[in-house]
Every structure is written in structure tokens, then in C-alpha cells.
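Asker: Mind having a look at this structure? Questions to follow.
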Amino acid sequence: MVLSYREALNQAMCEEMRRDSRIFLIGEEVGHYQGAFKVSKGFVEEFGPQRVVDTPITEAGFTGLAIGAAMAGLHPIVELMTMNFGILALDQIVNNAAKIHYMSGGQLSVPIVIRGPGSAAHQLGAQHSQSLEAWFCHVPGLKVIAPATPHDAKGLLKSAIRDNNPVIFLEAQLLYGTKGDVGDGEYTIPIGVAEVKRAGHDATIVAYSKMLLLALEAADHLSREGIEVEVIDPRTLKPLDLHTIVASVKKTGRLVIVEEGWRFCGLGAQIAESVYAAAFDYLDAPIQRVTGEDVPMPYSRPLEDAAIPDKARVIEAVKSLCGTQ
Amino acid sequence: MPTMDRVDLLHLYRQMLLIRRFEEKSAEMYALAKIAGFLHLYIGEEAIAVGAIAALRPDDYAISAYRDHGHCLARGSDPGHVMAELFGKATGLCQGKGGSMHLVDAPRRFMGGYAIVGGHIPLATGLAFATKYQQLDLVTVCFFGEGAIPSGQAHEALNLAALWKLPVIFVCENNRYGMGTSSERAIALYADVAGTARSYGIMAERVDGMDVLAVRDVMRKVVEQARAGQGPFFIEAMTYRFMGHSMSDPAHGHYRTKAEVEEHRKRDPLLLLKQTILSNNLGAETDFVQLEREVGDVVTAAVKFADDSPFPTPSALYTDVMREE
Ligand SMILES: Cc1ncc(C[n+]2csc(CCOP(=O)(O)OP(=O)(O)O)c2C)c(N)n1
Ligand SMILES: [Mg+2]
Numbered sequence: 264m265v266l267s268y269r270e271a272l273n274q275a276m277c278e279e280m281r282r283d284s285r286i287f288l289i290g291e292e293v294g295h296y297q298g299a300f301k302v303s304k305g306f307v308e309e310f311g312p313q314r315v316v317d318t319p320i321t322e323a324g325f326t327g328l329a330i331g332a333a334m335a336g337l338h339p340i341v342e343l344m345t346m347n348f349g350i351l352a353l354d355q356i357v358n359n360a361a362k363i364h365y366m367s368g369g370q371l372s373v374p375i376v377i378r379g380p381g382s383a384a385h386q387l388g389a390q391h392s393q394s395l396e397a398w399f400c401h402v403p404g405l406k407v408i409a410p411a412t413p414h415d416a417k418g419l420l421k422s423a424i425r426d427n428n429p430v431i432f433l434e435a436q437l438l439y440g441t442k443g444d445v446g447d448g449e450y451t452i453p454i455g456v457a458e459v460k461r462a463g464h465d466a467t468i469v470a471y472s473k474m475l476l477l478a479l480e481a482a483d484h485l486s487r488e489g490i491e492v493e494v495i496d497p498r499t500l501k502p503l504d505l506h507t508i509v510a511s512v513k514k515t516g517r518l519v520i521v522e523e524g525w526r527f528c529g530l531g532a533q534i535a536e537s538v539y540a541a542a543f544d545y546l547d548a549p550i551q552r553v554t555g556e557d558v559p560m561p562y563s564r565p566l567e568d569a570a571i572p573d574k575a576r577v578i579e580a581v582k583s584l585c586g587t588q
Numbered sequence: 009m010p011t012m013d014r015v016d017l018l019h020l021y022r023q024m025l026l027i028r029r030f031e032e033k034s035a036e037m038y039a040l041a042k043i044a045g046f047l048h049l050y051i052g053e054e055a056i057a058v059g060a061i062a063a064l065r066p067d068d069y070a071i072s073a074y075r076d077h078g079h080c081l082a083r084g085s086d087p088g089h090v091m092a093e094l095f096g097k098a099t100g101l102c103q104g105k106g107g108s109m110h111l112v113d114a115p116r117r118f119m120g121g122y123a124i125v126g127g128h129i130p131l132a133t134g135l136a137f138a139t140k141y142q143q144l145d146l147v148t149v150c151f152f153g154e155g156a157i158p159s160g161q162a163h164e165a166l167n168l169a170a171l172w173k174l175p176v177i178f179v180c181e182n183n184r185y186g187m188g189t190s191s192e193r194a195i196a197l198y199a200d201v202a203g204t205a206r207s208y209g210i211m212a213e214r215v216d217g218m219d220v221l222a223v224r225d226v227m228r229k230v231v232e233q234a235r236a237g238q239g240p241f242f243i244e245a246m247t248y249r250f251m252g253h254s255m256s257d258p259a260h261g262h263y264r265t266k267a268e269v270e271e272h273r274k275r276d277p278l279l280l281l282k283q284t285i286l287s288n289n290l291g292a293e294t295d296f297v298q299l300e301r302e303v304g305d306v307v308t309a310a311v312k313f314a315d316d317s318p319f320p321t322p323s324a325l326y327t328d329v330m331r332e333e
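From first to last, the protein sequence lines stand for chains E and L.
The numbering of the first sequence is our numbering, which starts it at 264 and goes up by one.
The numbering of the second sequence is our numbering, which starts it at 9 and goes up by one.
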């Protein structure tokens with residue numbers, strides 16, 4: 264069955280909510296408005312306002328409320344209208360959700376999913392275009408997932424909902440309309456398992472979320488020039504499936520990491536450090552990073568384009584490693 | 009006032025005395041460096057925790073800020089396990105991972121002490137949201153200092169609790185200071201802190217927080233109403249902390265005078281209840297001597313238990329970061 268990314272998320276939540284009455288969806292505009300990006304289409308009609316809870320514009324308040332509800336045995340899904348607004352809920356996420364299990368010596372747990380779109384869309388300006396995954400990945404006690412395809416989005420969201428830990432689930436506005444086969448029937452995808460999205464032997468690209476699509480386009484292009492790139496999507500950013508990445512690097516000897524977020528202290532820096540530690544002797548060249556620029560996102564179209572990784576830069580990075588430039 | 013019962017009043021006195029002697033001993037242990045970090049004493053405010061918790065059922069939820077020894081002990085936690093937590097021992101309530109500010113006793117529905125001012129108030133609304141969702145007739149009591157009142161998280165939580173008519177009782181422990189800042193210098197509505205809640209349509213009352221019977225009476229009334237679905241409620245309990253803000257702050261000094269502290273000590277909650285018991289011929293001096301002896305033994309045993317207990321093994325560092333199953 265071919266579904267959009269948006270529909271895949273809808274189906275994942277719907278299947279899980281039918282299965283388990285402890286699960287409820289809470290956030291701004293999730294009910295009557297059907298979700299700011301229509302991810303919860305049809306939900307309030309099927310599950311009622313008790314389980315599809317429209318909130319006032321109070322991210323700290325309703326995220327904290329959901330964490331408290333999780334402590335009492337419910338399994339909330341918090342929809343942040345966009346991840347940018349999650350900054351207002353960071354105290355709740357970092358100081359409460361991530362730490363309560365540890366601080367209580369394992370007595371309490373917080374089974375919660377906090378999901379919503381991150382990263383840039385089209386010219387939304389500096390406050391609505393951020394890729395904040397590195398912030399969340401930095402915090403012990405959180406799992407972080409950033410799927411790129413409808414198939415992965417559905418299977419991983421179902422796993423996130425069943426997990427007994429706080430999970431940050433990062434979507435992307437520009438992915439909502441993308442389509443892909445999700446097969447028929449129910450399935451889950453385990454958290455913490457990467458997938459080789461394209462096999463190759465000349466170089467490895469690690470890319471996730473929207474950047475995976477870019478990496479696959481670049482790989483197509485490079486293939487026409489005779490360079491066969493292996494593309495790996497970690498899918499889960501924390502815990503990271505380093506094993507799959509390292510196995511590929513040992514084969515190709517070259518690694519490019521693509522991320523939309525800011526370069527300084529970005530996720531790619533951590534992945535590179537881990538790969539250096541695990542496979543330094545296998546590398547034929549220094550690891551290359553293609554990242555967002557270290558600037559607030561500008562509005563103007565050409566400036567925005569310049570701030571975000573594009574296909575040409577990924578191609579250039581691979582070629583520089585392969586010595587064909 | 010309902011008829012007074014000797015056993016009942018002596019029990020309340022014993023609970024307050026336990027908190028008082030436990031904390032005096034904690035201060036001694038701090039001086040001996042058996043306890044480190046932050047230690048915030050509740051001395052002077054015991055009537056609030058004891059009176060409020062006396063109005064609860066064992067399965068109701070309670071949650072508080074970092075000045076939490078009193079609430080935890082009033083909830084019935086074992087003094088030995090609480091002291092062991094302050095000592096950072098493996099036998100502590102949270103296996104030494106929480107410390108003074110983060111006591112949790114899940115079986116007693118004490119859902120924790122939290123050290124980010126205002127940050128646990130949304131959690132309390134979430135506990136109440138959960139019990140309503142689960143159609144249980146439980147209430148949640150949330151203790152916090154008046155210093156949390158101007159915080160955004162408190163306002164967001166008050167609004168959500170009122171909006172969704174949640175069975176939560178907010179108990180503001182108004183001891184007139186947040187560290188060294190008097191409420192006149194921090195809260196626009198300092199003369200009527202309860203008015204903050206009223207502005208959200210929450211029924212709010214002020215009570216003499218030095219009078220354990222008055223606290224229990226008002227709590228019994230609102231707990232019953234909240235249980236019947238008429239919540240939320242807000243109680244402003246007027247009190248005074250006799251000691252410094254934490255161990256690094258003397259009882260009086262730059263921000264308040266010795267005379268002011270002495271004045272408030274005249275209304276020591278233990279003294280007030282003792283006078284009530286004596287003047288109503290419900291007890292004699294010998295009863296208090298007996299209680300002192302009993303409580304003294306409990307505290308001595310708690311210290312011995314904590315002292316004799318082992319520190320956590322190094323491997324405990326990595327457990328409870330994530331919930332495994
Ligand atoms: C968000 C936040 N800011 C600052 C602090 C530092 N701090 C700890 S306690 C405190 C005063 C709080 O006063 P109040 O809420 O009245 O509680 P009390 O100590 O009087 O019981 C402050 C400023 C903190 N813990 N959290
Ligand atoms: Mg105070």
C-alpha cells in the first residue's frame with residue numbers, strides 16, 4: 264500500500280490507539296482542526312475529545328501535564344505543532360521526562376512520545392526552520408528517532424509508542440507529502456537499527472530525515488559517473504546503530520555525513536568521533552561533513568538555499584574523498 | 009470545629025515531631041559531611057505537610073518541590089530509607105540517585121521532589137489528568153513555595169487544571185521568602201497570592217499554615233470536593249521557615265532580622281498543637297516526654313541504618329538511565 268508520510272503517521276497512531284486505551288494524543292490543534300499538518304485527520308471523530316486533546320498554546324504546561332500522566336500509567340503522544348516550539352517545553356523534557364526514571368532509582372517511568380516536524384520548509388524564517396536533534400541527543404534518558412520514509416515513519420512510531428521511555432520523534436514538514444510503500448498489515452521497526460538504503464562500495468553516506476532523500480539523489484547522480492555510494496539511514500539517532508555504519512565504512516574506507524542542523528556541535532561531529540574511534544585504520548581519507556551553515560535561517564530564497572545542504576554539495580564531498588575532483 | 013480526639017491529636021503531633029527531629033539530625037549530619045549538596049529544611053512548616061497529607065487516602069498522589077523531607081515522611085516513608093537517601097547510600101529510597109531534593113516513594117504515591125522552581129506543577133496536573141482519564145476517584149496534592157507563583161509554568165498549569173476541571177489541589181506554602189527575596193519584592197499580588205488562582209476561576213482559600221488542625225480541616229473539605237469532581241482547588245498556607253533557605257544560609261542575616269524570626273517562632277506549629285492538647289486536657293507533659301523518646305529512637309535508628317548501609321556500587325551509575333523492558 265502506498266501512503267504519504269503523513270498518512271503513515273496517522274495509521275501508526277490510529278492502530279496503536281485502537282489497541283491500547285492508555286494512549287492519548289495531546290497538543291495544539293490535534294482535534295477539531297485535525298492537526299496543524301493534518302496528521303491526526305479523523306482522530307477526534309473516532310476516539311473522542313478525551314483521547315484527542317486540544318490544548319491552549321502552552322508547550323511547557325501540556326508537555327509537563329503529559330509527563331505527569333505518563334508517571335501515572337498513561338501513554339501520551341504529545342504533538343508539538345513544530346519542534347521549534349519544543350524549546351518552550353525543554354525544561355519539562357530535559358529536567359523531568361529524561362531524568363525521572365534515574366532520579367527515582369527506577370521507581371517511576373515516563374512512557375511518552377513527543378513528536379512533530381523539525382527542520383526547514385520553504386522560507387519559514389529563523390524561528391520556524393530549526394533542526395534541533397543534536398540538543399535532544401545530548402540528553403541522557405531520551406531516545407531520538409528521525410525517520411525519512413513513510414515505511415520507517417509508521418514502523419518506528421509504533422515502536423516509539425510501545426516503548427516505556429521518553430522518545431523524541433522528529434518529522435519534517437517537507438516529508439509529510441512524500442509517498443512510499445508501507446506494505447499491508449501491521450508491523451513495527453525496532454528502535455536503534457539503521458538501514459542500508461542503497462548498497463555501494465566506493466564511499467558511505469550517512470544521512471537521516473529529509474537529508475536521506477538528498478543523499479539518495481546524489482548517489483544516483485554519482486552512480487552515473489561510476490561512483491557507487493552506500494547510503495545508510497540510522498533512522499534512530501539515539502541509540503545510534505554504530506555497528507551498521509562502521510561495517511559500511513570498513514568496506515568503503517570513506518564517509519560523508521549529511522545533516523541539516525548547524526555544524527558546530529552537530530550530530531555529525533559525534534558520529535565522526537565514534538567512527539574514528541571504531542574504524543580509524545580503515546579510513547582512506549578524513550570524514551567529510553555536509554551540514555547546515557552556522558547562521559539563523561534567513562528568509563530570502565537564495566540565502567535559505569545557501570544555508571541548507573544541497574545535492575551539489577553532497578556530490579562534491581563524495582568526489583573530494585574519492586579523489587575524482 | 010469537630011470534636012477533638014486524644015489519639016488523633018497526639019498522632020499529628022508525633023508526625024510533626026518526627027519531621028522536626030529528623031531534620032535537626034540531618035543538619036547535624038550535614039555538619040559532619042555525611043550529607044552534602046543542597047539540604048533545604050522544612051522546620052517551621054511541618055503543619056502544612058502533616059495537615060494536608062492527613063486528609064488524603066493512601067492511593068491519592070502527592071508531589072512537591074525540593075523542600076520535600078516533610079512531605080515524604082508525612083506520607084509514611086521509612087525514616088531510615090529517607091536518611092539513607094540523604095547519605096547517598098544504596099539503601100536510600102532512590103538508591104542514592106535522587107538525594108535530598110528528589111525523594112520519591114512510589115508505593116506511597118509520593119511522586120517526587122523537584123528542584124526546578126515551578127517545574128513540577130504541570131506534572132501534578134498530569135497526575136490529576138490521568139486519574140480523571142482512568143475514571144478513578146483519586147486526587148493529587150501539589151506542594152510548592154510562593155516563589156513559584158510568578159513562574160510561567162505555574163500559570164500554564166493553573167490554567168490547564170481549571171480549564172479541564174482536574175482533581176488537583178495546589179498547596180502554596182507561603183513562607184514569605186524565596187531564598188533572600190521577600191514576596192513583596194517578587195510577586196505583584198503578594199498580599200493575595202491565592203488571588204492568582206482565583207483569576208483562573210479556581211476556588212482558593214488562605215489558611216493558617218502553622219495550625220495543623222486548620223490545614224487538615226480545609227484540606228478535608230477540598231479533597232472531598234475534588235474527589236467529587238469539583239476541582240481544582242488552591243490553598244495558600246501562611247507559614248515561615250525557621251532556618252536558612254538551605255544549609256549555606258544562616259537563619260537570619262542580610263534579608264531578615266533575628267527579631268522577625270523570633271516573632272514567628274512564637275507560633276511554632278508544634279507549640280501550637282501542644283497547647284491545644286494541654287488546654288483541652290487531651291494529654292499531659294508525660295505524653296510529650298514519651299513521644300520525644302519514641303521519635304528520638306526512630307531518628308537514631310534511621311541514622312544508624314544510613315551509616316551502616318553501603319554506598320552504591322560503581323555499576324549503579326549506568327542503571328535506570330533507560331527503562332529496559
Ligand atoms: C527555575 C529555577 N530558578 C532558580 C532556582 C534557584 N532557587 C532554588 S529555591 C529558590 C527559591 C524558591 O522559593 P519558594 O518557591 O518560595 O520556596 P521556598 O524555598 O521558600 O520553600 C530559588 C530561586 C531554581 N531552583 N529553579
Ligand atoms: Mg518561599
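From the three backbone atoms N, C-alpha and C, an ideal C-beta is built for every residue, glycine too.
So if I threshold CB-CB distances at 7 Å, which residues from the region 511–545 of chain E count as touching chain L?
Answerer: none
Asker: Tell me whether the beta-carbon of L:I177 lies closer than 8 Å to the beta-carbon of L:G84.
Answerer: no
Asker: Check L:D315 in the structure and name its three-state DSSP category.
Answerer: helix
Asker: Between the C-alpha atoms of L:L135 and L:A202, what's the straight-line distance to the nearest angstrom?
Answerer: C-alpha of L:L135 to C-alpha of L:A202: approximately 22 Å in a straight line.
Asker: Just to confirm, does E:Y450 get its C-beta within under 7 Å of one of the non-hydrogen atoms of ligand 2?
Answerer: no
Asker: Could you give the distance in angstroms between the alpha-carbon of L:L286 and the alpha-carbon of L:Q23?
Answerer: For L:L286 and L:Q23, the distance between alpha carbons rounds to 18 Å.
Asker: What does the alpha-carbon distance come out to for the pair L:G127 and L:Q161?
Answerer: The alpha-carbon of L:G127 is positioned some 6 Å away from that of L:Q161.
Asker: Using a Cβ-Cβ cutoff of 7 Å, what residues of the region 118–148 of chain L are near chain E? List them in chain order.
Answerer: M119, G120, I124, G127, P130, L131, A132, T133, G134, L135, F137, A138, T139 and Y141
Asker: Report the option in L:M109, L:A98, L:E53 and L:A92 whose CA atom is closest to the CA atom of L:Y74.
Answerer: L:M109
Asker: Please classify E:H338: does DSSP put it in a helix, a strand, or coil?
Answerer: strand
Asker: Should L:D328 be flagged as near chain E, meaning a C-beta pair shorter than 8 Å?
Answerer: yes
Asker: Beta-carbon distances below 6 Å to any heavy atom of ligand 2 define the shell here; list its residues in chain order, please.
Answerer: My final list is L:G153, L:E154, L:G155, L:N183, L:Y185 and L:G186.
Asker: Going by CA-CA distance only, name the one from L:F137, L:A245 and L:E181 that's closest to L:G153.
Answerer: L:E181
Asker: Name the residue from L:L131, L:A267, L:E164 and L:L17 whose alpha carbon lies nearest to the alpha carbon of L:C150.
Answerer: Ranking L:L131, L:A267, L:E164 and L:L17 by Cα distance to L:C150 puts L:L131 first.
Asker: Does ligand 1 have even one heavy atom less than 7 Å from the beta-carbon of L:I51?
Answerer: no
Asker: So is the beta-carbon of L:E181 under 7 Å away from any non-hydrogen atom of ligand 1?
Answerer: Yes, the beta carbon of L:E181 sits closer than 7 Å to at least one heavy atom of ligand 1.
Asker: Cβ closer than 9 Å: which chain E residues qualify as neighbours of L:N167?
Answerer: P319, T321 and G324
Asker: If you drop the 5 nearest sequence neighbours on each side, which residues of the same chain put their C-beta closer than 6 Å to that of L:T99?
Answerer: Once the five neighbours on either side are set aside, the close Cβ partners of L:T99 are A92 and S317.
Asker: Considering only their Cβ atoms, is the gap separating L:A324 from L:Q103 smaller than 8 Å?
Answerer: Yes, the pair counts as a contact, with Cβ atoms nearer than the cut-off.
Asker: How many Å lie between L:A165 and E:P502 at the Cα?
Answerer: 32 Å
Asker: Please confirm whether E:V512 and E:V538 have their CB atoms less than 8 Å apart.
Answerer: yes
Asker: Distance, Cα to Cα, L:L111 vs L:L81?
Answerer: Their Cα atoms are separated by approximately 10 Å.
Asker: Where L:M227 and L:Y50 are concerned, what is the direct C-alpha to C-alpha distance, given to the nearest angstrom?
Answerer: Their backbone Cα atoms lie some 20 Å apart in a straight line.
Asker: Check each residue of the region 77–105 of chain L: if its Cβ is closer than 8 Å to any Cβ of chain E, include it; give the result in chain order.
Answerer: G100, L101, C102, Q103, G104 and K105
Asker: What in chain L is Cβ-close to E:I330, meaning under 9 Å?
Answerer: P130, L131 and G134
Asker: Is the beta carbon of E:Q393 closer than 8 Å to that of E:M346?
Answerer: yes
Asker: Report back the beta-carbon spacing between E:E488 and E:R461 to the nearest angstrom; my notes put them in contact at under 8 Å.
Answerer: About 15 Å separates the CB atoms of E:E488 and E:R461; that is not less than 8 Å, and the two are not in contact.
Asker: DSSP state of E:E556, grouped into three classes?
Answerer: coil
Asker: Quick one, are the C-beta atoms of E:E523 and E:P572 less than 8 Å apart?
Answerer: yes
Asker: Suppose the cutoff is 6 Å on Cβ atoms and the five residues either side in sequence are ignored; what does the same chain contact list for L:S72 look like?
Answerer: H79, G121 and F151
Asker: L:R331 versus chain E: which residues are under 7 Å apart at the beta carbon?
Answerer: H364, S372, N427 and N428
Asker: Under 9 Å Cβ-Cβ, which residues of chain L neighbour E:D354?
Answerer: I124, G126, G127 and Q161
Asker: Any beta carbon of chain E sitting closer than 8 Å to that of L:A222?
Answerer: no
Asker: Could I get the ranges of all uninterrupted beta strand (DSSP E) runs contained in the region 296–373 of chain E, with 3 residues as the minimum, in chain order?
Answerer: 315–317 and 338–342
Asker: Please determine, among E:R378, E:S583, E:H506 and E:A470, the residue with the shortest C-alpha to C-alpha distance to E:R498.
Answerer: E:A470
Asker: Mapping the DSSP letters down to three states, classify L:N167 as helix, strand or coil.
Answerer: The answer is helix: DSSP assigns L:N167 an H, G or I state.
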